[in-house]
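Q: I have a structure I would like to understand better, so I am pasting it below and will then ask my questions one at a time.
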Amino acid sequence: MKKIRFKNDLFKTIIIILILVIVIDLLIFSIAVVVGPSMWPTLSDSDQLVFVKLPYFRNNPKRGDIIIFSPPKESGRDDLFVKRVVAIENDKYSIIDGVLYIDGRKIAEDYICDEEYINRSYPVTKGIVPENMVFVMGDNRNNSNDSRRFCCIKKQQIEGRVILRIWPLNSIKIFKEPYL
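The opening position of the sequence shown corresponds to residue 70 in the working numbering, with each subsequent residue numbered one higher.
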């Protein structure tokens, strides 16, 4: 009798754990894999990331957030993208000679690759971020399909905010609040 009860309790526990894992994955956290070099040196190809899916993070991105989002059709891709939010709604942005300005103020971006390697031949990019949208860029400015190409993305496209790199194990990192 005790064996049957133990098996029933174990079965119930396993079912509850599986349900919790599914609910957490669907509603709170998920995992994404970086594809390509667009976020180097912050992130590398094949890095595995944990991101928060809660609506607060999708609807209230901050400058400096690293986000996962569904790309617009203009990108020519259908897989999820990982980029950094560099401008939020109503920000006046400009990129002149490879340097980012928000509301006329030069932004110190210590997370991008060495400035001496940045291709400064891009045309001047400028505009104002519309409501409910953000302007995103990869940290590897020379090799990133981002808002310079497909303009701003809608907040509804944001899947979540990256909070943790879990792979490779020797590079585990917690991504704190943005600092732009």
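Think of the CB as a built atom: it goes at the ideal place given N, C-alpha and C, for glycine as much as any other residue.
My parser needs the beta strand (DSSP E) runs of 3 or more residues fully inside the region 195–245; what are they?
A: 202–206 and 227–236
Q: Give me the residue from G167, V154 and S115 with the minimum Cα distance to N211.
A: G167
Q: Answer with buried or exposed for V198, where buried requires no fewer than 16 other C-beta atoms within 10 angstroms of its C-beta.
A: buried
Q: Measuring only the C-alpha atoms, how far is D172 from V155?
A: 12 Å
Q: First and last residue of the beta strand (DSSP E) that includes Y170?
A: V168 to I171
Q: State the start and end residues of the unbroken beta strand (DSSP E) segment that holds Y162.
A: K161 to I165
Q: Does the distance from the C-beta atom of I227 to that of I235 stay below 9 Å?
A: Their beta carbons are not under 9 Å apart, which means I227 does not touch I235 by this criterion.
Q: Give the secondary structure of I181 by DSSP, where H, G and I count as helix, E and B as strand, and everything else as coil.
A: If DSSP states are grouped into helix, strand and coil, I181 belongs with coil.
Q: Mind checking N209: buried by the 16 CB within 10 Å criterion, or exposed?
A: With 16 or more other Cβ atoms inside 10 Å of its own Cβ, N209 counts as buried.
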